[in-house]
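Quick notes on the structure that follows.
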Amino acid sequence: MTLATTQTSPLPGTGSDTSTTASTDFADRVATTRRYLMCRPTYFDVVYEINPWMHTDVPVDHDLVMRQWENLRATYLELGHEVEVIEGAPGLPDMVYAANGATVVDGRALGVSFHFEQRRPEAALFSAWLRDHGFPVTDAVAINEGEGDFLVAGLRILAASGFRSDTASHLELAAFSGLEVVDLELVDPRYYHVDTALTVLDADHVAYLPSAFSPESRARLAELYPDAIHVSAEDAAVFGLNAVSDGRHVVVPAQATGFIAQLRAAGYVPVPVDLSELLKGGGSIKCCTLELRPATPAA
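Next comes the structure, spelled out in structure tokens:
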């Protein structure tokens, strides 16, 4: 594995239609600089089927995949964020979905254990990269697929099970992080990871597809986030909720036009990006983005 040089840039226009007028019903949204890890899609392909979006008879346009991925990376840099790059490995076509590689909280990482054998070799590669770059790694015992099923929202983590991660991993996550862990259950196999059905917009606000969750989980989300954005089935089906927010700017699949309008109305700045070729593997923007959260400064 090799590391691409980390790059940053000030916040210029992104080249996308990101103009917005914040609703007077919402406080101004505040962006915070993030550090992300992405995996270059050199070896991306669809050679097996482990989710409903994968079809081995549908060809992948490899040049388009690389252009779309590079555009996503450039978008983060233009927004002022840092982007690290881990190189993929032959025989691991899904390693581009870096969000599944770990959960990083307070400068430490909880490693992963994949449900499907095709992805299991990725775990050691992501853990090695993290250790080499100063993140102590706690190895996973129960099956968990990183930020695919663990979404950090302020001082809590929304943790899902149902298709990939085991509920036992939620106990590991709580012990590792010291944060409140909210158990959620996914019920629609199209949305097999929680990051395909829910977006954390900031510490106190989320957007989600209600039908992707069990009745108990919907009730819990309604209790925690009474003003959440409920996204349509049409926008969810283009992976609109597989988005990344810095608290103000929301990098969102360009095809999710209804969700983009909802974000504007709520005072966020949507940044549409087309990552449609990677949807052939069952992932989009968030799937390709692992947040590297720094250690909390000592008091």
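Those letters in the sequence shown? Residues 66 to 364, by our numbering. Cβ atoms here follow ideal geometry from the backbone N, Cα and C, with glycine treated the same way.
Using 8 Å for Cβ pairs, my map puts residue i next to residue j. What's the rounded Cβ distance?
i	j	result
G166	E187	6 Å
L357	S349	Between S349 and L357 the Cβ distance is about 20 Å, and since that is not below 8 Å, they are no contact.
V111	T121	6 Å
T261	F215	Not quite, the Cβ-Cβ distance comes to about 13 Å (not below 8 Å), so this is no contact.
Is the separation between the beta-carbon of residue i and that of residue j shorter than 8 Å?
i	j	result
L286	P318	no
V259	E237	no
L7	V309	With the chain represented from 66 up to 364, any question about residue 7 goes unanswered, as that position is not in the structure.
A277	V303	no
L158	F109	It is Pro, not Leu, that sits at residue 158 in the sequence shown. Against a cut-off of 8 Å, the Cβ pair of F109 and P158 comes out as a contact.
Y113	Q183	yes
R283	P291	no
G312	T97	yes
S279	E250	yes
G213	C352	yes
R31	Y333	The chain is shown from 66 up to 364; residue 31 falls before or after that span and cannot be answered.
G346	M103	no
P117	R221	no
A272	V296	yes
How would you write the range of the beta strand (DSSP E) that residue i sits in, first residue to last?
i	result
S226	R221 to S226
L249	E245 to E250
M119	Note, M119: premise wrong, no beta strand (DSSP E); not H, not E.
Thinking just about the alpha-carbon of each residue, which of the options is nearest to the one in residue i?
i	options	result
L144	V338, H235, L175 and M119	V338
A268	Y101, N116, G219 and E152	G219
A330	G213, I294 and W118	I294
P359	S242, A233 and K351	S242
V125	G199, E135 and P106	P106
I151	P362, Q320, Y141 and A163	A163
A193	F181, I208 and V177	V177
L328	H270, G153 and V170	H270
H180	A326, P335, Y257 and E288	Y257
G172	G199, S230 and S297	G199
R99	N116, V202 and E149	E149
L175	V336, M160, V202 and D128	V202
G305	S230, S226, V336 and E281	V336
Have a look at the DSSP bridge pairing and note the partners of residue i.
i	result
N209	S178
T264	A272
H314	V334
I294	A272
Under DSSP, the alpha helix (DSSP H) around residue i begins and ends at which residues?
i	result
E237	A233 to S242
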